Amino acid sequence: MPVLQTYQFPSFEVLIWNITEPLHFFVEALELTDSELVLLQQKYRTPIAFQQWLASRCGLQQLFNTSHRAFQKNETGKLELKNKLYQLSLSHSANYIAVAKAKQSIGLDLQVRTPKLERIASKYLAPELLVELKKSPYYVDYLHIYWGIKEALFKAYGLGKVDLSNICTSNPLTILPKEILERQF
């Protein structure tokens with residue numbers, strides 16, 4: 525099982541998984557019935573979406589030490605533990621999933637580098653900030669950092685229907701050391 529990394533802090537835990545397993549691994553690990561499998565394949569029509577769903581449920585099982593059936597979606601569509609003892613956040617990108625667990629609200633975002641963030645930058649950044657960021661040699665890195673911040677805040681808030689594009693009107697990330705911006709993860 526390719527769990528890449530687990531992080532344990534006093535107030536939260538995170539698990540990151542690189543999806544390389546064949547379908548039968550997840551079917552067995554999740555103890556899915558044939559009818560559940562058919563329903564899931566109908567709902568998640570692309571192979572990557574289906575794999576991400578399966579791997580995220582395996583990640584939940586591992587991090588929470590309980591069955592994936594112990595989770596449900598709330599009225600806003602956010603996944604939660606039925607007994608509500610912990611909060612959680614899920615994220616996926618390409619062949620990776622991440623799961624976070626905490627006693628308080630938590631938001632997590634995992635994003636592989638993609639040119640898509642440049643195309644949609646005006647949808648999640650204030651215009652003044654976007655102009656400032658374009659001047660930086662780390663423009664694409666900043667886009668990914670801000671995207672992650674926006675997604676994590678949105679997930680921690682958990683109620684949907686919120687516009688986070690105008691949270692920052694200046695670039696506080698200019699203080700980040702060059703080594704962080706150039707680091708390959």
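Numbered by the working numbering, the letters in the sequence shown go through residues 525 to 709 in order. Where is the CB? At the ideal position from N, CA and C, for every residue including glycine. No experiment lies behind these values; they were computed from the predicted model shown.
Per the C-alpha coordinates, the member of HIS592, GLU545, LYS640, THR638 positioned closest to VAL623 is HIS592. In the same chain as THR544, and ignoring 5 residues on each side of it, the C-beta atoms closer than 6 Å to its own belong to PRO526, in chain order.
In the displayed model, LEU612 falls within a strand according to three-state DSSP. If you draw a straight line from the Cα of TYR663 to the Cα of LEU657, it is about 6 Å long. For LYS647, the secondary structure class from DSSP, reduced to helix, strand or coil, is helix.
About 7 Å separates the CB atoms of LEU605 and PHE588; that is less than 8 Å, so the two are in contact. When DSSP reads this structure, SER617 sits in a beta bridge with TYR620. PHE533 places its beta carbon 8 Å or farther from that of ILE630.
Residue nearest to VAL636 within the set ASP665, THR600, LYS608, ARG643 is ASP665 (criterion: CA-CA distance). Residue state for PHE536 is assigned as strand, using DSSP reduced to three classes. In the structure shown, LYS674 adopts helical secondary structure according to DSSP, grouped into three states. By the C-beta density criterion, ILE644 is exposed, having fewer than 16 other C-beta atoms within 10 angstroms.
ASP558 counts as exposed, since fewer than 16 other C-beta atoms from the protein chains shown sit within 10 angstroms of its C-beta.
In the same chain as ALA626, and ignoring 5 residues on each side of it, the C-beta atoms closer than 7 Å to its own belong to SER535, PHE536, TYR610, GLN611, in chain order.
One thing to note: ALA579 has its Cβ within 8 Å of the Cβ of ILE621. As DSSP reads the structure, LYS597 sits in a beta bridge with LEU603. For SER559, the enclosing alpha helix (DSSP H) stretches over residues 558-567.
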